[in-house]
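A.B. asks:
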Amino acid sequence: LTTLVLLALGIVSTCARFCIRVYVHHEFGIDDGFLLLGLCSVVVANALLLTVADSMYMDEATLLGLNAVPPDDFLERIYYYQKIIVVSQILAWLAVSSVKMSFLALFKKLVDPIPGLVLYWRVVLMFNIVVIVYGISVWFLSCPHFHSIKSIQCEYGEDLKNAVSYTISQMVLDIFGDFMILIIPAYLIWRIRIRWTQKVALACSLCLTIVTIVFTVVRAVGMQYHGKLDAIWVNFWQLTAAEVGIILTAITAFRVLFVARRKAQEDRERDIE
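For the sequence shown, position 249 (counting from the first letter as 1) is numbered 249 according to UniProt numbering, and the numbering increases by one without interruption.
#1: In terms of alpha-carbon separation, which member of Arg21, Val96 and Leu39 lies closest to Ile175?
#2: Once you ignore the five residues that flank Asp230 on each side, which residues in its own chain have a CB closer than 7 Å to its CB?
#3: Please report the straight-line C-alpha distance between Leu106 and Ile30, rounded to a whole angstrom.
#4: Flag this pair as yes or no: are the beta carbons of Ala242 and Trp139 separated by less than 9 Å?
#5: Please name the residue, chosen from Glu27, Leu39 and Phe34, that lies closest to Ser13 on a Cα-to-Cα basis.
#6: What residues in its chain sit with their C-beta under 8 Å from that of Tyr187, if we drop five residues either side in the sequence?
#7: Residues in the same chain with beta-carbon distance under 8 Å from Ser41, minus the five sequence neighbours each way, listed in chain order, please.
#8: Around the Cβ of Thr15, are there at least 16 other Cβ atoms within 10 angstroms (buried) or fewer (exposed)?
#9: Among Leu4, Cys19, Val5 and Val24, which has the Cα closest to the Cα of Ala250?
#10: Between Leu7 and the rest of its own chain, which residues show a CB-CB distance below 6 Å, the 5 nearest in sequence each way excluded?
#11: Please say whether Thr240 and Thr51 have beta carbons closer to each other than 9 Å?
#12: Nearest CA to the CA of Leu36: which residue from Thr167, Arg17 and Val123?
#13: Apart from the five residues just before and just after Met101, which ones in its own chain have a Cβ nearer than 6 Å to its Cβ?
#14: Please report the straight-line C-alpha distance between Val259 and Lys228, rounded to a whole angstrom.
#15: Please give the ranges of any alpha helix (DSSP H) in the region 21-49, keeping only runs that are unbroken, at least 4 residues long and fully inside the region.
#16: Among Ala220, Cys207 and Asn235, which one has its Cα closest to the Cα of Ile246?
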């Protein structure tokens, strides 16, 4: 229910942003495109997860010994669930990554006058692209088994160590990439003379990055439960991070757009005078 409510808020806030961008400013930037990609990804991820929710809970209950008599088609349902959940998680990862790319695209407009910061922005961009690609590959490297009993064994025992190692490495790189992004708005806020309204917008982006880091840490802390991989916990926090990121990105854009519109109005008034 939580993920569906957040998804609804994400859709509403994103649609409101696009209405302002298209019908008021007659613009559609690269940052808007990344936000739209993120929204589409998280919508499909939620839809896929809902189709296999029953199988996911059945899998958890069986592995924890809570389901005394598994259904006859247990293995087939679990095999199908694990395929779908991989696709869902990759889409959720792409949604989170799209939010980061949206902010980097927005920051590009602000760092262009500063050559040193432009170089740093490019380094951050390349690093995060590598992390995105690695993050997608983790779901295949951590458990390269599909439609096989080995796919279930990836969730507990010796094979669990392999899955956890890859997942933790993904999270560590993700957090490091977030900190690299965090430096850009922090530098612009404290070292560059810009309007206070623009500083508020940049502060919102700082909040988004911090929230993303917190969600990643929470996901890492609770990913193991009773000696097995807690798929429900991992899926929930991955989707939640994506949806909250989309909401905050859309809200932050309102402030940026407001500042741009206000400046345009002031310029027109100055021309008239």
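Heads up, the beta-carbon is just placed ideally off N, CA and C, and yes, glycines get one too. In this text the structure is predicted, and so the values were computed from the model without any measurement.
C.D. replies: In this structure, then:
#1: As a position in the sequence shown, residue 175 is number 175, starting the count at 1. Residue Val96 is the option with its Cα nearest to Ile175.
#2: Your numbering for residue 230 matches position 230 in the sequence shown. Contacts found: Gly222, Met223 and Gln224.
#3: Taking the first residue of the sequence shown as position 1, residue 106 is located at position 106. Taking the first residue of the sequence shown as position 1, residue 30 is located at position 30. If you take the alpha carbons of Leu106 and Ile30, they lie about 8 Å apart.
#4: Locating residue 242 in the sequence shown gives position 242, counting from the first residue. Locating residue 139 in the sequence shown gives position 139, counting from the first residue. Taking 9 Å as the Cβ cut-off, Ala242 and Trp139 do not qualify as a contacting pair.
#5: The residue labelled residue 13 in the question sits at position 13 within the sequence shown. The residue with the shortest Cα to Cα distance from Ser13 is Leu39.
#6: What you label residue 187 is simply residue 187 of the sequence shown in a count that begins at 1. Cβ within range, chain order: Leu117.
#7: The residue given as residue 41 occupies position 41 in the sequence shown. Correct list, in chain order: Leu91, Ala92, Leu94, Ala95, Ser98 and Ala242.
#8: Residue numbering aside, residue 15 sits at position 15 when the sequence shown is read from its first letter. Residue identity check: residue 15 is Cys in the sequence provided, not Thr. The residue in question, Cys15, is exposed, as its Cβ has fewer than 16 Cβ neighbours within 10 Å.
#9: Looking up residue 250 in the sequence shown gives position 250. Checking every option, the nearest Cα to that of Ala250 belongs to Cys19.
#10: Reading the sequence shown from its first residue, position 7 is the one you call residue 7. Hits under 6 Å: Asn46 and Glu243.
#11: Against the sequence shown, residue 51 aligns to sequence position 51. Against the sequence shown, residue 240 aligns to sequence position 240. In this structure, Thr240 does not lie closer than 9 Å to Thr51 by Cβ.
#12: Mapped onto the sequence shown, residue 36 falls at position 36. Ranking the options by Cα distance to Leu36, first place goes to Arg17.
#13: On the sequence shown, position 101 is the one that residue 101 refers to. Only Phe34 meet the Cβ criterion.
#14: As a position in the sequence shown, residue 259 is number 259, starting the count at 1. As a position in the sequence shown, residue 228 is number 228, starting the count at 1. In this prediction, Val259 scores a pLDDT of 49, lower than 50, which makes its location untrustworthy; no coordinate-derived value is stated.
#15: none
#16: Numbered from 1 along the sequence shown, position 246 holds the residue referred to as residue 246. Ranking Ala220, Cys207 and Asn235 by Cα distance to Ile246 puts Cys207 first.
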